[in-house]
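Following this note's numbering, the residues of the sequence shown are numbered contiguously, the last one being 439.
From the three backbone atoms N, C-alpha and C, an ideal C-beta is built for every residue, glycine too.
Just so it is clear, the structure is predicted and the values come from calculations on it, not from any experiment.
As structure tokens, the structure follows; a few thoughts come after it.
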Amino acid sequence: MITEACCSYFEDKVNAKNVCEIIQIAYSNNFDGLKQKCKKILTGHKEEVDAVKLKELPKDILFDVYCV
């Protein structure tokens, strides 16, 4: 369906430069696979992620990524 196509599109496009935007899309649409991919990028490539954008992420997402 369309939601699977959207999720697949974002999974193909996500990288360290856009992960902060895409993880918010993943959470707002409950795309579990995309959430996991974003979490791996955020934890595995932290030095490449924009620190300002990272700090601007909602607290619930930050908690889920770094504390769960």
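If you follow the alpha helix (DSSP H) that A446 is part of, which residue opens it and which one closes it?
The structure shown does not extend to residue 446, since the chain is modelled only from 372 through 439, so no value can be given for it.
How close, in whole Å, do the beta carbons of I394 and K406 come, if the pair is a contact with beta carbons under 8 Å?
Sure, about 7 Å apart at Cβ, within 8 Å.
Counting only the same chain and skipping the five closest in sequence on each side, list residues whose C-beta sits under 6 Å from that of K430.
None.
Quick check on K410: does DSSP put it in helix, strand or coil?
Residue state, collapsed to three classes: helix.
From E382 to A376, what distance separates their C-alpha atoms?
E382 and A376: Cα-Cα distance of roughly 10 Å.
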